[in-house]
Amino acid sequence: MKFSVVALSLSLMAAGSAAQAAPDFAQVNTILTNNACLACHAVDKKVIGPAYEEVAAKHKGQADAAAVLTKHIKEGSSGVYGPIPMPPNVGISDADIAVVVEWLVAGAPH
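As numbered in the working numbering, the sequence shown has no gaps in its residue numbers, which increase by one up to the final residue, 106.
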């Protein structure tokens, strides 16, 4: 079976787009609201912590982005975006963390 270069490129682009599809922002916003994330973060501006767009940009293209972001949410972090540490978020479920991280890896679209 033969594939043209164009057909193969289109197939790969479609697969890449599907892999980068972000969760619905309304769902993400509900998770962020219910877990008090918006007390320290906003989508497009620094509050106490960095904007989600900044977080997404910092980790763009990194193979381990999902694992790193998951760890930071669960365990907290220090010195990643400045001197103010991020405390662990022990109340957020693993399922909700997965949705938020998927959204961040997709670029934090809103």
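Where a beta carbon is used, it is the ideal one built from N, C-alpha and C, also for glycine.
Judging by CA-CA distance, which residue of E49, H37 and A61 is the nearest neighbour of A94?
A61
Could you check the C-alpha separation between G87 and V97 for me, to the nearest Å?
16 Å
Does the segment 71 to 89 come close enough to the segment 39 to 58 that 3 or more CB-CB pairs lie under 8 Å?
yes
Bridge partner(s) assigned by DSSP for S73:
M82
What first and last residue would you give for the alpha helix (DSSP H) that runs through H37?
No alpha helix (DSSP H) contains H37, which DSSP labels as neither H nor E.
How big is the Cα-Cα spacing for H106 and A63?
22 Å
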